[in-house]
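A short write-up of the structure that comes next.
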C-alpha cells in the first residue's frame, strides 16, 4: 500500500485537519484509490456511475466527526486504474 499526506485546498477539500490517501496495490490487479478521514466506526462511501471519491468532499467534515470515513474510487473511475480486461494465452 502507498500512504501519503496531501495538502488541502480549503475551497474544495474538507476542513478536517488531515486525511490519508491510500492506494491498494496487488500484483496483476488494478489499483484502487481511496481516502480515509476521521475516527470512529467505519463508514464507506461509494460514488455512482461516472463519479469519484470527490463527490463526497462537502460531506466529509460532518461525517468524520463521528466515523472513520473511506471514500473509494471504483475501478476505472477517478484515480483508480482500469483493470486488465482480458488475458491472452499463448501456446
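In the numbering used here, the protein residues as written are 512 to 602.
Every residue, glycine too, gets a C-beta built ideally from N, C-alpha and C.
Local conformation of residue i per DSSP, three classes
| i | result |
| --- | --- |
| residue 585 | coil |
| residue 574 | helix |
Residue from the options with nearest C-alpha to residue i
| i | options | result |
| --- | --- | --- |
| residue 557 | 551, 566, 575, 542 | 566 |
| residue 587 | 576, 578, 564 | 564 |
| residue 551 | 576, 582, 561 | 576 |
Residue i and residue j closer than 8 Å at C-beta
| i | j | result |
| --- | --- | --- |
| residue 583 | residue 548 | no |
| residue 574 | residue 554 | yes |
Handout entry: Segments of 3+ residues assigned as beta strand (DSSP E) that fall wholly inside the segment 539-564
Key = Counting whole runs of 3 or more residues, the segment 539-564 contains the beta strand (DSSP E) stretches 543-548, 553-557.
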